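The opening residue of the sequence shown carries number 3 in our numbering; numbering runs sequentially from there. Okay, structure first, notes after.
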Amino acid sequence: MKIIETDCLVLGAGLAGSTYALRAARAGFRVELLSLGEPLQANSDWAQGGIIYDTDPDPTKLTNDIVEASDGTANPAAIAQLVREGPVAVKELLLEELQVGFDRDQAGRLDLTREGGHHERRIIHAKDATGHAIMASVVRSVDATPGITRRRNFAGVDLLTLSHNAADTHERYEPLTCFGCYALDTGTGEVVAFVAKKTVLATGGLGGIFLHSTNQPGSVGHGVAMAYRVGARLIDLEYVQFHPTVFIQPGTQPFLITEALRGEGGVLVDAQGRRFMDAVHPLGSLAPRDVVARAIKQHLTETGDNCVYLDLSALKADFIRERFPAIHAHCLAGGIDITRQPIPVVPAAHFSCGGVHADLHGRTNVRHLSAIGETACTGLHGANRLASTSLLECLVSAKSAAQADIVELKAGVTISAKPREWTSPAREVDPMLVRQDLQLVRTTMWNYAGILRSPRRLARARRILLELREDIQAFYRDCRPTRELIELRNAVQTALLVVHAASLNPVSKGCHYVVTEM
Ligand SMILES: Cc1cc2nc3c(=O)[nH]c(=O)nc-3n(C[C@H](O)[C@H](O)[C@H](O)COP(=O)(O)OP(=O)(O)OC[C@H]3O[C@@H](n4cnc5c(N)ncnc54)[C@H](O)[C@@H]3O)c2cc1C
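In structure tokens, the structure reads:
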């Protein structure tokens, strides 16, 4: 077994992992940066609407919007950190250093937009492809930074801890301590042990465990499942946010329709053209996401319709083409000219508000293991996330975790443990079984643990997933690991964790909505 030693091992090269890597490497530490695929195959690259850049001297307005969106549940300390440190992080990295091409007005001022749940215009954007504009610059910077070794097509399999994978069995009496990760080189099929002084989970979200999701393929909560297996604390996993407006066509990847379209005047209507959101919430179509997603689901259940529509007739055609070129082009390719026709939309799983519990420096309850970005949960989002907070959370959490790790690394971190040898079974995995099982995880989650949950549905989901996990584990023990098999193993585990968290929480709050009579 090949062993690679490093100072920092970062699992995930989205905005959180990449910006952590930049900071650690610039402080003089060796960084191994792993991703499932190419650097731009991350949800960070797909972000459309924008990132909050709140320069209002009064911090209470943004604070109040985050609190309101979360239904009063978000962690005040995490909000305070985001509101305090967010503008600095955006300014120093995105505006000054990387000079990301955010939209500006003729006088050169940043163009500010609004999204659901925001009472102010405070979101900067690069047309409707903000994530790509940011990530393209970040990836260039990472690739030009000495000290970072990028490993594409490496899938983290299991974290190394003294209690689980140390070759010396006496190590298991030590406190819960991480010293790296086994990862599969999906190009060669070889499992490599990365031994690291600091290991960072930045593997993104878990939307992919649901049948309909806005997420990149592979977003199945890898970090959550890996953390669970070593005893890390998980929190708030029942709070899975469903984005209300997703354009779905059979056989194609669901395509998110940014809330910024509603911020600019788009309105949700039903098949008869009725503005059904006006009766639901004072903000109408711009109500917080959980409210809109639930209202759409309810409306579809009551009417038997397949979708609702986003009516853009209040927006000028030139403005739509200029401000939302990616959405315009995508829908046009799907047969909808959004300058003339409403967009058919449904909700889809989008963002995990919960995750691996982390303090405001990314630290988990496992020594030398941090979690940042969407994988982590500091309580910033509580039961429901305010739009456009997550890219900002990536920047803030990565910076603060890197700063804390750099201090510790400078003081000296010693890892003496050696990982146990990895042996892979010789048998090849049957791809049909893997595909079918993943489909079963996704449909089970969509139908029984989705937007509207009930104790009976959750119990059914649990039974199905427990049996499935048994099969998959047997399968995993018997077969040579592949990316698909690792994904399936983590998907079923994460799904069970979400169902378990949902079953334990009878209180409907934010994105977790329980109906007892179903
Ligand atoms: C369509 C869409 C639109 C969005 N729009 C916005 C928006 O406008 N504004 C906003 O603030 N937020 C938006 N979000 C949310 C935001 O993009 C994400 O929450 C954020 O980008 C997550 O960043 P991350 O770095 O935590 O994870 P990601 O960007 O998802 O990166 C995860 C990384 O982990 C890697 N990885 C996963 N598992 C493993 C493993 N086992 N081993 C190795 N590597 C692994 C992946 O390959 C990837 O590199 C949007 C999300 C989507 C899906």
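Where a beta carbon is used, it is the ideal one built from N, C-alpha and C, also for glycine. Keep in mind the model is a prediction, meaning the values are calculated, not measured.
Which stretch, first to last residue, makes up the beta strand (DSSP E) that contains residue i?
i	result
A169	Premise fails: A169 is in no beta strand (DSSP E) and is neither H nor E.
P252	That residue, P252, is in no beta strand (DSSP E); it is neither H nor E in DSSP.
K511	Premise fails: K511 is in no beta strand (DSSP E) and is neither H nor E.
T341	Run containing T341: none; DSSP gives neither H nor E here.
K200	E192 to L203
A373	L371 to A373
I150	I150 to R153
D160	F156 to T163
What does DSSP give as the partner residue(s) for residue i in the beta ladder?
i	result
G527	The chain is shown only over 3 to 520; residue 527 falls outside these bounds and no answer can be derived.
P346	Y311
L270	L312
K4	V194
P421	A168
H283	Per DSSP, none; premise fails for H283.
F244	A351
I125	I54 and T115
F257	F249
V516	R455
V12	L35 and V202
S215	A351
A378	V358
R464	Partner(s): none; R464 has no beta bridge.
R365	S372
At a threshold of 7 Å, does residue i count as lining ligand 1 (C-beta to nearest heavy atom)?
i	result
F578	Because the chain spans 3 through 520 in this model, residue 578 falls outside it and cannot be assessed.
E98	no
C396	yes
N45	yes
H224	yes
G210	no
A204	yes
F156	yes
A146	no
G220	yes
Q50	yes
N217	yes
T188	no
E122	no
A18	yes
S392	yes
A335	no
A15	yes
L36	yes
G207	yes
E486	no
T132	yes
I150	no
L258	yes
T377	yes
G357	no
I53	yes
Taking the alpha helix (DSSP H) that residue i belongs to, which residues open and close that run?
i	result
G182	Note, G182: premise wrong, no alpha helix (DSSP H); beta strand (DSSP E) at C180 to D187.
A406	S392 to A413
V501	R485 to L506
A335	P327 to A335
A262	A262 to G265
K548	Absent from the structure is residue 548, since the part of the chain shown begins at 3 and ends at 520.
L388	Unbroken run through L388: none, as it is neither H nor E.
L521	Nothing can be reported for residue 521: it is not among the residues displayed for the chain, which extend from 3 to 520.
V140	T132 to D145
H383	Careful: H383 lies outside any alpha helix (DSSP H) and carries neither H nor E.
G225	H224 to R231
Please find out if some non-hydrogen atom of ligand 3 comes closer than 7 Å to the beta-carbon of residue i.
i	result
L314	Inclusion of ligand 3 in the displayed structure is not the case, the ligand content consisting of ligand 1 alone.
May I have a chain-ordered list of the alpha helix (DSSP H) segments no shorter than 4 residues that lie completely inside the segment 33 to 66?
45 to 48
Stretch pair the segment 201 to 213 + the segment 474 to 484: three plus CB contacts closer than 8 Å:
no
Below 8 Å, how does it come out for the segment 144 to 153 and the segment 18 to 33: are there three or more Cβ pairs, yes or no?
yes
Any chance the segment 311 to 319 sits against the segment 335 to 346, with 3 or more Cβ pairs inside 8 Å?
yes
With a floor of 4 residues, list each alpha helix (DSSP H) that falls wholly inside the segment 88 to 113, ordered by position along the chain.
none
Sequence ranges, alpha helix (DSSP H) only - wholly within the segment 428 to 458, length at least 4:
433 to 450
Counting Cβ pairs closer than 8 Å, one from the segment 402 to 414 and one from the segment 146 to 158, do we hit at least three?
no
For the segment 65 to 79 and the segment 383 to 390, state whether three or more C-beta atom pairs, one from each stretch, are separated by less than 8 Å.
yes
Tell me, please, whether the segment 5 to 14 touches the segment 178 to 196 by the rule of three or more beta-carbon pairs shorter than 8 Å.
yes
At least three beta-carbon pairs within less than 8 Å, the segment 217 to 234 to the segment 317 to 337:
no
Is there contact between the segment 450 to 463 and the segment 288 to 304, where contact requires at least three CB pairs shorter than 8 Å?
yes
Would the segment 114 to 133 and the segment 161 to 175 be scored as touching if the rule is three or more Cβ pairs under 8 Å?
no
Inter-stretch contact (C-beta, 8 Å, three-pair minimum) for the segment 105 to 117 and the segment 422 to 430:
no
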